[in-house]
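One structure is given here, and the rest of the page talks about it.
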Amino acid sequence: MGNDLIQIGNAPPQGGFGVEVLAAADGAAAPALASAGKTFYIETFGCQMNVHDSEKVAGVLMTRGYRPVDSHQEADIVLYNTCSIREKAAQKVFSRLGTFRKAGPAAGKIIGVLGCVAQQEGERFFERAPQVSLVCGSASYAQLPSLLAQLESGNRRVKGLALDTEDCFETEFTRRENRFRAYLTIIEGCDQRCAFCVVPMTRGPERSRSGARIIAECRRLVDAGYTEIQILGQIVNAWRDPTPARWSFAELLARVAEVPGVRRVRFTTSHPRYFTPEIVAAVDSHPALCDQIHLPVQSGSTEVLARMLRGYSREEYLERIHYIRKAQRAISLSTDIIVGFCGESEKDFEQTVSLLTEVEYDQVFSFKFSPRPNTAALELVDTVSEEEKGRRLAVLQEAQRQIQLRRNQALVGKTFEVLVEGYQPRLGQAVGRTTSNRVLNFPGEPGEVGCYRQVKVTSAGPNSLVGEKIDDCRLTIVD
Ligand code: 5AD
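Here the numbering used here is used: position 172 in the sequence shown is 846, and no number is missing along the way.
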């Protein structure tokens, strides 16, 4: 969701904390000899899956003795974890690599490209950007230790590009950036063939981790002080327990929520096709499951949805929304939308705008259609001009802004529990988040980061709320 909006370097996000290496087993890190004392820098583009992959890659590097640094200038290994969901995102890595075009800045450094653009471009990277020594797609991350060993022994063209994997990226160590919200991958890859989407070609086939492994990781996260678990998967609700236990996705959610010490659980991204009433029932009966569901619709027109190969009509999507709205808890809804997909008429577009009015989402991530390599949409004609895509995007965003403003203003006077995620010293404001995923700022202290607070809303804008605290810190994360 909002998938190309995240862009992080090694430095912890605002309000976050330093290095957190969480051991999966009781074994200690064993630095490899060749790399001891060397440094690395990873820059990440794209979705939460990429952010978490980078956390795991960093963990792999640290077990080999590498140390994280805050800039590419200081690093012996510079890695770019890339995103190719839209053309603009894919271009970013080439502009970064431009920095190293001359031998000077690249001298002595190992430059690597990971993620979706690595998978998409493959060995072409070695020609296009000769300074690159490592190209590795996410389906090959399990091979990273051996690829790093090859680099350490002097090999200058190393690649991991196989897509036919059945493995998930399991590591003993993960360098988590945030100390109270932990990402936890439950399923990798994607078997859908949405006509616009490059992901099945860049992340490989779906493979689920076992329920027992997921719960064990969750327990370790709680032991390490995390209170919020964010469950990740490209299509998170396509998760199927590969073991004979055969838990459903809804059962898994309930079991994660029941792990003692887990206070908040979010999951993203759900596909409407696999969205069942049991998921809503689990959210209804487990307060730790956040009252927030992200359910990408992509378009409000059944004809466009059919061309997109989404596997549902507008009405079938609205059925899902209906049972979410029937829940006893008020569940906040968000979605992703593409405007200007091949053949989208003005009427189709109006149906998308009318869907926003009908559903009343609390947040919408919207994008102009961007043709991608190896996708079915390339067989269709990209009929909508760039200018018209821009116009439709602006109309849609303005309609949604009004909806959000109205919905947020209705919350003035209400009190919510927030997890304090950051602090803005300039404003003296703590940045909290409600379980419904709304940002709620209030006058606070830097020491409150990681605490849960009761905050009463005093004013509201389209994208965030402002409030005041009504109690003291109820839970403090202890160092
Ligand atoms: N063009 C524009 N947006 C896209 N998305 C995926 N592929 C494309 C594309 N080719 C959007 C979808 C998806 C989100 C992560 O990115 O809305 O849900």
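For every residue, glycine included, the Cβ atom is placed at its ideal position computed from N, Cα and C.
Query	Result
Does the beta-carbon of aspartate 1010, which I'm using as the reference point, lie nearer than 7 Å to any heavy atom of ligand 1?	yes
With 16 other CB atoms within 10 Å as the buried threshold, where does valine 1055 fall?	exposed
How long is the line joining the alpha carbons of threonine 773 and asparagine 755, rounded to whole angstroms?	16 Å
Express the C-alpha separation of leucine 1101 and asparagine 829 in angstroms, rounding to a whole number.	51 Å
Alpha carbon to alpha carbon, how far is proline 1117 from leucine 822?	47 Å
How many whole angstroms separate the CB atoms of leucine 983 and alanine 1050, which I take to be in contact at a CB cut-off of 8 Å?	6 Å
In the DSSP assignment, find the beta strand (DSSP E) that holds cysteine 868 and state where it starts and stops.	Premise fails: cysteine 868 is in no beta strand (DSSP E) and is neither H nor E.
Nearest-angstrom Cα distance between tyrosine 1097 and alanine 928?	32 Å
Looking at the strands, I want to know which residues DSSP matches up with glycine 1106.	Val1094, Leu1114
With respect to 7 Å, is the separation between the Cβ of serine 814 and the closest non-hydrogen atom of ligand 1 below this value?	no
Would you list the residues sitting across from isoleucine 905 in a DSSP beta bridge?	Leu858, Phe941
Are the region 960-976 and the region 1005-1023 touching by the rule of at least three beta carbon pairs closer than 8 Å?	yes
What number of angstroms, rounded off, separates the C-alpha of histidine 960 from the C-alpha of leucine 858?	19 Å
Is the beta carbon of isoleucine 668 sitting closer than 8 Å to the one on arginine 940?	The structure shown does not extend to residue 668, since the chain is modelled only from 675 through 1153, so no value can be given for it.
Can you tell me where the beta strand (DSSP E) with alanine 886 in it begins and where it stops?	Counting along the chain, alanine 886 falls outside any beta strand (DSSP E), though it belongs to the alpha helix (DSSP H) covering 885-897.
Using the rule of at least 16 other Cβ atoms within 10 Å of the residue's Cβ for burial, across every protein chain shown, is alanine 699 buried or exposed?	Interpretation of alanine 699 is limited by its pLDDT of 41, a score under 50 that renders its predicted location unreliable; the figure taken from the coordinates is listed afterwards. It is exposed - the Cβ of alanine 699 has fewer than 16 other Cβ atoms within 10 Å.
Quick one: residues in its chain with C-beta nearer than 8 Å to the C-beta of valine 767, no 5 flanking neighbours on either side, listed in chain order?	Phe719, Tyr754, Thr756, Val787, Val791
Taking Cβ to Cβ, would you say glutamate 1122 is nearer than 8 Å to alanine 1104?	yes
Please state if the CB of methionine 723 and the CB of glutamine 908 are separated by a distance shorter than 8 Å.	yes
In terms of residues, what are the limits of the alpha helix (DSSP H) holding aspartate 727?	722-737
Determine the burial state of lysine 1143: buried for a count of at least 16 other Cβ atoms within 10 Å of its Cβ, exposed for fewer.	buried
If you draw a straight line from the C-alpha of valine 1188 to the C-alpha of serine 1008, how long is it?	With the chain covering 675 to 1153 only, the question about residue 1188 has no answer from this structure.
Tell me which residue opens and which closes the alpha helix (DSSP H) that alanine 1134 is part of.	Here alanine 1134 belongs to no alpha helix (DSSP H); instead the beta strand (DSSP E) covers 1126-1134.
Along the chain, where does the alpha helix (DSSP H) containing lysine 1143 start, and where does it finish?	Note, lysine 1143: premise wrong, no alpha helix (DSSP H); beta strand (DSSP E) at 1139-1143.
Which residues mark the beginning and the end of the alpha helix (DSSP H) in which isoleucine 1081 is found?	Sequence inspection shows arginine at residue 1081; the isoleucine mentioned does not correspond to that position. Its alpha helix (DSSP H) spans residues 1060-1083.
By how many angstroms is the C-alpha of aspartate 958 removed from the C-alpha of glutamate 932?	14 Å
Just confirm the distance between the C-beta atoms of valine 734 and isoleucine 716, as a whole number of angstroms; I'd bet it's less than 8 Å.	No, valine 734 and isoleucine 716 are not in contact; Cβ-Cβ is about 11 Å, not under 8 Å.
Counting only runs that start and end within the region 792-830, where is the beta strand (DSSP E) found for 3 or more residues in a row?	806-810
Mind checking whether isoleucine 860 and serine 882 have CB atoms under 8 Å apart?	yes
Start and end of the alpha helix (DSSP H) containing aspartate 958?	951-959
Hey, how far is the Cα of glutamate 1095 from the Cα of glycine 1106?	6 Å
Please list, in chain order, all residues of the same chain as glutamate 729 whose beta carbon is under 6 Å from its beta carbon, the five residues on each side excluded.	Thr848, Arg849, Arg850
Less than 8 Å between the beta carbons of leucine 771 and valine 806, yes or no?	yes
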